[in-house]
Each structure stands twice: as C-alpha cells, then as structure tokens.
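Visitor: This is the structure, below, for whatever I ask next.
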Ligand SMILES: [Zn+2]
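As structure tokens, then:
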C-alpha cells in the first residue's frame, strides 16, 4: 500500500466500507483488507 498519510480515506470495492486514517502506518507495506481484498485509496 505505502505512502499512507493521516486523513487518507480507503474504500472497499466490495461493500463500500470507507475507512479514514487517523494515524498513518509508517511501514512500507500495510494491509487494510475487507471482503477479502485490499482497500483502495479514495
Ligand atoms: Zn468490504
């Protein structure tokens, strides 16, 4: 995923879930998964 920033919004393409990042992950790879797939940055 990478380049996550505070305030970013991620969306699930399966169910429409939206997640707002209140504190970003500073790792190179961070997985946010819903419905068996990675959330996409909005
Ligand atoms: Zn979902």
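In our numbering, the protein residues as written are 43 to 84. C-beta: ideal position from N, C-alpha, C; glycine also.
#1: For residue 59, count neighbouring C-beta atoms within 10 Å of its own C-beta (all shown protein chains included) and say buried if the count is 16 or more, exposed if not.
#2: In three-state terms, what does DSSP make of residue 70?
#3: Using three-state DSSP, classify residue 51 as helix, strand or coil.
#4: Identify, in the order they occur along the chain, each residue of the same chain with its Cβ nearer than 6 Å to the Cβ of residue 67, setting aside the five sequence neighbours on each side.
#5: Are residue 53 and residue 84 close, meaning C-beta to C-beta below 8 Å?
Guide: Per the coordinate set shown:
#1: Here residue 59 corresponds to residue number 17 of the chain shown, with the count starting at 1. Taking all protein chains shown into account, residue 59 has fewer than 16 neighbouring C-beta atoms within 10 Å of its C-beta and is therefore exposed.
#2: On the chain shown, position 28 is the one that residue 70 refers to. In the structure shown, residue 70 sits in coil (DSSP, three-state: anything other than H, G, I, E or B).
#3: Numbered from 1 along the chain shown, position 9 holds the residue referred to as residue 51. Note: residue 51 maps to strand in three-state DSSP.
#4: Indexing the chain shown from 1 puts residue 67 at position 25. Within the same chain, 46 come within 6 Å of residue 67 by CB-CB distance, once the 5 residues on both sides are set aside.
#5: In the chain shown, residue 53 corresponds to position 11, counting from 1. In the chain shown, residue 84 corresponds to position 42, counting from 1. Yes. Within cutoff.
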